[in-house]
Amino acid sequence: MSEDTEKILRMDLKALLVAAEDLYVDVDQLCEAAIQSMLSERANDAEDLAGTMTAIEVAADSLQVMRWPEPL
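Numbering (my numbering), first residue to last: 3 to 74.
Written out as structure tokens, the structure reads:
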């Protein structure tokens, strides 16, 4: 996968998680459900799953950093 494609996918994932949070969806539960869904697919490669799960968790964690209030 090219760097541009990876960058676009990261931006897409982050945008979806921000939108979910703005709609008061529990992002942690959403991420866990997404990971469980991927784990139940037998066709998914273990190495790809590990990378995807990491990407989901990093994107969700970055939301918390983005949402912290600015220091006074």
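From the three backbone atoms N, C-alpha and C, an ideal C-beta is built for every residue, glycine too. Values in this document were obtained by computation on a predicted structure and should not be read as measured data.
Spatial distance of residue 41 from residue 20 (CA atoms) | Along the sequence shown, read from residue 1 onward, the residue named residue 41 stands at position 39. Along the sequence shown, read from residue 1 onward, the residue named residue 20 stands at position 18. So the two alpha carbons sit approximately 24 Å from each other.
Rounded to whole angstroms, what's the CA-CA distance from residue 59 to residue 17? Just pull it up for me.
-> Within the sequence shown, numbered from 1, the residue matching residue 59 stands at position 57. Within the sequence shown, numbered from 1, the residue matching residue 17 stands at position 15. If you take the alpha carbons of residue 59 and residue 17, they lie about 14 Å apart.
Please confirm whether residue 52 and residue 30 have their CB atoms less than 8 Å apart.
-> In the sequence shown, the residue the question calls residue 52 occupies position 50. In the sequence shown, the residue the question calls residue 30 occupies position 28. No; because the gap between Cβ atoms is not below 8 Å, this pair is not in contact.
Would you list, in sequence order, the uninterrupted alpha helix (DSSP H) runs of no fewer than 4 residues that lie entirely inside the region 3 to 66?
-> 5 to 24, 29 to 42
Measure the alpha-carbon distance for residue 28 versus residue 34 and round it to whole angstroms.
-> Position 26 of the sequence shown holds residue 28. Position 32 of the sequence shown holds residue 34. Roughly 10 Å between the two C-alpha positions.
For residue 55, which of 44, 37, 6, 47 has the nearest alpha-carbon?
-> Counted from its first residue, the sequence shown places residue 55 at position 53. Nearest option by C-alpha distance: 37.
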